[in-house]
Amino acid sequence: MNLLITSVVLLTATKEKTIMRTFRLRTKNPI
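Start counting the sequence shown at 0; every next residue gets the next number (numbering that gives the first Met the number 0).
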């Protein structure tokens, strides 16, 4: 259970990081 929860949390964190990176890139270079 703990391993599953931690893995899910890490996955969501990485997804949020990637989304923020793409959002920043879009704001810097709007297409």
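Built from N, CA and C at the ideal position, the CB exists for glycine as well.
Roughly how many angstroms separate the alpha carbons of residue i and residue j, rounded to a whole number?
{"i": "A12", "j": "K27", "result": "22 Å"}
{"i": "M19", "j": "L2", "result": "26 Å"}
{"i": "L10", "j": "T17", "result": "11 Å"}
{"i": "F22", "j": "V7", "result": "22 Å"}
Ignore the nearest five residues each way along the sequence and tell me which others in residue i's own chain have a CB closer than 6 Å to its CB.
{"i": "K14", "result": "none"}
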